[in-house]
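A short worksheet on the structure shown next.
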Amino acid sequence: MAQDKPAAQSPAPSQLAFQDAVESSRVIAETASDAIITINEDSTILFVNRAAVNIFGYAIEEMLGSELTMLMPEYLRHVHRAGIEHYVQTGQKHISWDAVDLPGRHKSGKEISLELSFGEFRRDGQCFFTGIARDVTKRKRDERRLALQNAATAILADAISLEKVTPKLLGTICASLGWQFAALWTVAAEQDKLQYVGHWAAHSSPGVAEFEEACRLFHFTPGMGLPGKVWAGQKPIWVPDLATDESFSRSPVAARANLHSAFSFPILVREEVIGVVELLSLEIQDADTTTLDTLAAIGSQIGQFIERRKSEEERVSALARANEARLEAEALSKQLGALQRITDSALAHLSVDDVLSESLNRVREALQVDTVVILLLRKEGDELVAWAAQGLEEEVELGVRIPVGKGLAGNVVAHGKPIIIDDVSQADLFNPLLREKGIKSLLGVPLFVEGRAIGVIHVGRLEFTHFTDDDVRLLQLAADRIALAIENARLYQVERNARTEAESANRAKDEFLTMLSHELRTPLTPIIGWIHMMQNGIVPAAEFNRALSVIDRNAYSLKRLINDLLDMSGILSGKMQIEETHLRLADVLEESIETMRPYARDSKVELKLTIAEQAAATTINGDHSRLLQAFSNILHNAIKFSPAGGLVEVRCETNGSEAIVRVQDQGQGIPAEFLPHVFERFRQADGSRTRAFGGLGLGLALVRSFVETHGGTIEATSEGAGKGSVFTIRLPTHAALRENMQKEKQKRTAKNKQARVRILIVEDQPDTLEMLAANFQSRGYLTLPCSSSLEALQLADREHFDILISDIAMPAMDGLQLIRDLRKKKGLEKIPAIALTGYASQNDADTAIAAGFDLHVSKPIDPAELAAAVESFAVLQPKQNPRGSKRNS
């Protein structure tokens, strides 16, 4: 019988379970997405799964039997070997084995981020290690990008300005991405270029400093250089190796800084490039799409920040402008209020002194200054006089005078515009009081009336300060109103004076008519009375002679009154006739003595005539009746006011070319207050109804007219009441008149030359200018009319003229400055010049002559007299005339 074979033994359950576990582990290892690697104590790879191929790039065959360090960066390999050895010997771990982050190395050499977990098992006395490696590169990259974006957000959120935040922001970007240099530009659209903002560098060196300077100075326009290309293309550009990129214009400088790779990306706002960022690395780096994405997001963040800051700046600017406008409005309102107060106070007064005093207070308050001074221009226009002051009262007390063109005030009025002096110590000042008072800063503006400067107002502060445009504007506005108030006050004073004079003239006329009625009726009463009585037989025959004597005496008085009235009427109307003849002065005096002797005898007054030997034969040319009337009037006056038993002495002598006649009496004299008015019409020392002496007050006025018509002068002196008086008449002798006749002949000769004489007439009043031109044109002259000094100066450069007639008071440049400037021109040094002015004092005449005029004629102008003066100049060519003045009444 055959033996049965033993039955095959089935695996034990435990073995089956182990095999299942191994198979299950193999399946898990092969299907796992994480790399699973087993090594021995020597780090030799004993097992790898397929996931390791995907993560590290090596084939399984390349990894099996190789050392694990092949999957590690170079700098970690010795650390790994030392750690394994230490653990095998001591059992101590040098790192955590649970989910530790370590870098790995891809076959390409690129580092990858890994999350590692380790375990160990032993077999046959040896230690084996199994590790699970998860590729967390993407996660780490996402984390870094998020961290960078968060960091950028935080940095930009706290930033005040792009310029200040740029270095920190660029440093954060470079640190996160491993780059060593970065720079940022913004678009300057109006200049069509990129404007450098700032940079960051990981380290400093001469090469880096040079590269930074190149970034700062290089002008990148669209398409020029790497930043310019990014600007033009609106897309990032990566340059892995600068040495091989010819378009990178800063390559030589980058090489000296050891910078080899570059990456640039745009800063975008709504698809518009508003800036560019450039990153550079010390190593050659290939393009990384992840980095591109990250920095594109950063570029958008920077763009939003720039846009936000721009909006904020615009908002702040708008608020600032609104606030500035509000402050300006408040300041303007304040200035207008101050100006209104100045105007109200100035126009509320009719006295110049009151106007200035009140204006000083208001100006001082409005401008917050320590000193205010107003200086007014003299009529001559050559000096400013301190008129009113606060804080500098000494100027007024000392009567400070500032020449036009000197110091602050003089230059203000000379140039007609405001002047600011920030530091008085450095200024050329004419008035030492300004420094002595401790004034540090000054502002002066002109006072104008209808374009004509009448003075200056200047303000000062005792502390260094700068007067603003608003200060200048406010002071000038105040000055305009003060000037207007001054002019109003002046016109008011002129009007008041004119009214007073008119009232005085009307009063004098009324008094004269009353006096005339009285003086006419007084002699008529006895004449009519005696004639009536004689006609009616009331007067006895024995009384006829006495009656006729009374009638004759009163008829003579009446005749004198009527003659005086007719003579004065002729004088006032310009129709008085003078019939000149050759006269011996002594004969006229003797005749006047004899004419007045009966009156003197009746008045019991002695008449005495003394004629000096050299005057006995003195002859004059004159009107016999007028001179006789003049001397008779003087004698009549002397007799009338002399007491009974008094003496009236007449002396005649000569002095050179003039004859001198003095009439001295011992009468009641002339009061000092009346002496200046003794030759005025209708004026009497006693004009009351209770006066002791009759008359119309015309006698001496007629005497003056007669004497002056003969080219002479008359003056009256008296030591006072009760001490008599002396009247002195001076007349040109026949020799002097002969010279005058020769001058008249020259004048007639001049008329033949008038057609060749050209007269330059300067007058700012159109009506007066037209009248003057017509006056001289009608006399055959050629005229060159000008309405201003400046026009006259320009005309003088291109036109010839023989005589100048110029007004004095004119805007911009007065006649005094005009003649000074003309005298400096070649060929005009001795040109005849006549000054016309409404200022008629002797001081005015002297000023005009001193300035360079030859003759001073006051307004109103007598056309005939002015023509006569011009005719004398027309004869005396070249100029030989004496200088002087001519005043019209």
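Each residue of the sequence shown is one higher than the last, beginning at 134 in our numbering.
Built from N, CA and C at the ideal position, the CB exists for glycine as well.
- Query: Considering D268, what are the terminal residues of the beta strand (DSSP E) in which it resides?
  - Reply: 259 to 268
Pairing CB atoms from the region 536 to 556 with CB atoms from the region 586 to 595, are three or more of them under 8 angstroms? yes
Self-check item: Residues that DSSP places opposite H715 in a beta bridge
Solution: N754
* **Through-space distance from A906 to E727, alpha-carbon basis** => Looking at the two C-alpha atoms, the distance is approximately 52 angstroms.
Checklist entry - What number of angstroms, rounded off, separates the C-alpha of S637 from the C-alpha of F807? => result 16 angstroms
Note to self: Just to confirm the assignment, what range does the beta strand (DSSP E) spanning D234 have?
What the structure shows: 233 to 238
**Prompt:** In whole angstroms, what separates the C-alpha of D930 from that of E896?
**Reply:** 18 angstroms
Problem - Rounded straight-line distance, which links the Cα of A560 to that of S922 - result: 31 angstroms
Selection from E813, A945, C785 that minimises the alpha carbon distance to T866: C785
Worksheet entry | According to DSSP, residues forming a beta bridge with R585 | V582
Report the three-state DSSP secondary structure of W318 (helix, strand or coil).
-> Residue state, collapsed to three classes: strand.
Please determine, among A192, E218, Y914, L375, the residue with the shortest C-alpha to C-alpha distance to S241. A192
* Asked: Measuring CA to CA, which of V502, P965, L303, S246 is closest to D604?
  -> V502
### Query
Would the region 342 to 356 and the region 311 to 322 be scored as touching if the rule is three or more Cβ pairs under 8 angstroms?
yes
CA nearest to the CA of A128, picked from K326, F254, D378, L413
Residue 128 is absent from the model: the chain starts at 134 and stops at 1022.
Compare the Cα-Cα distances from A429 to each of L415, D419, I370 and report the closest residue. I370
Rounded to whole angstroms, what's the CA-CA distance from K886 to F909? Just pull it up for me. Because the pLDDT at K886 is just 48, under 50, the model does not fix this residue reliably, and the value given afterwards should be weighed accordingly. Distance between the alpha carbons of K886 and F909 is about 13 angstroms.
**Prompt:** Among I265, L742, L310, G408, which one has its Cα closest to the Cα of G331?
**Reply:** Answer by Cα proximity: G408.
- Item | DSSP-derived helix/strand/coil call for H352 | coil
request  = Look at the alpha carbon of S384 and the alpha carbon of L303, and state the distance between them as a whole number of angstroms.
outcome  = If you take the alpha carbons of S384 and L303, they lie about 21 angstroms apart.
N- and C-terminal bounds of the beta strand (DSSP E) containing K362
That residue, K362, is in no beta strand (DSSP E); its alpha helix (DSSP H) goes 358 to 366.
- Would you tell me roughly how many angstroms separate the C-alpha atoms of Y208 and Q418, rounded to the nearest one? 20 angstroms
Residues that DSSP places opposite V859 in a beta bridge: Q797, T850
* Asked: So L742 and A733 are in contact, right, with Cβ under 8 angstroms, and what is the actual spacing, rounded?
  -> About 12 angstroms separates the two Cβ atoms, so there is no contact after all.
What residue from G340, E343, H352 has the CA that sits closest to D325's CA? H352
Exercise. Figure out for me which residue from L204, A165, I161 has the closest Cα to the Cα of I172.
Key: L204
Can you tell me whether M729 is buried or exposed? The criterion is at least 16 other CB atoms within 10 Å of its CB, across all chains shown. buried
Check your understanding: Do the CB positions of V811 and Q797 come within less than 9 angstroms of each other?
Key -> no
Check: Can you tell me whether L525 is buried or exposed, with buried defined as 16 or more other CB within 10 angstroms of its CB?
Finding: buried
### Anticipated Cβ contact below 8 angstroms, L928 with I941, distance rounded
Rounded to whole angstroms, the Cβ separation of L928 and I941 is 19 angstroms, and the two are not in contact under 8 angstroms.
For A334, three-class secondary structure by DSSP:
strand
Measure the beta-carbon distance from G800 to S765 and round it to whole angstroms, keeping in mind my assumption that it falls under 8 angstroms.
Actually they are not in contact, since the Cβ atoms of G800 and S765 sit about 17 angstroms apart, beyond 8 angstroms.
(message) On the CB-based measure, 16 or more other CB atoms within 10 Å of its CB, does P399 come out buried or exposed?
(response) buried
| request: Have a look at the DSSP bridge pairing and note the partners of W371. | output: Beta-bridge partners of W371 (DSSP): F396.
- Determine the direct distance from the alpha carbon of S920 to that of D900, and round the result to whole angstroms. 11 angstroms
**Prompt:** Can you tell which of T970, A983, D979, A984 has its C-alpha closest to the C-alpha of D995?
**Reply:** Measuring from the Cα of D995, the nearest candidate turns out to be T970.
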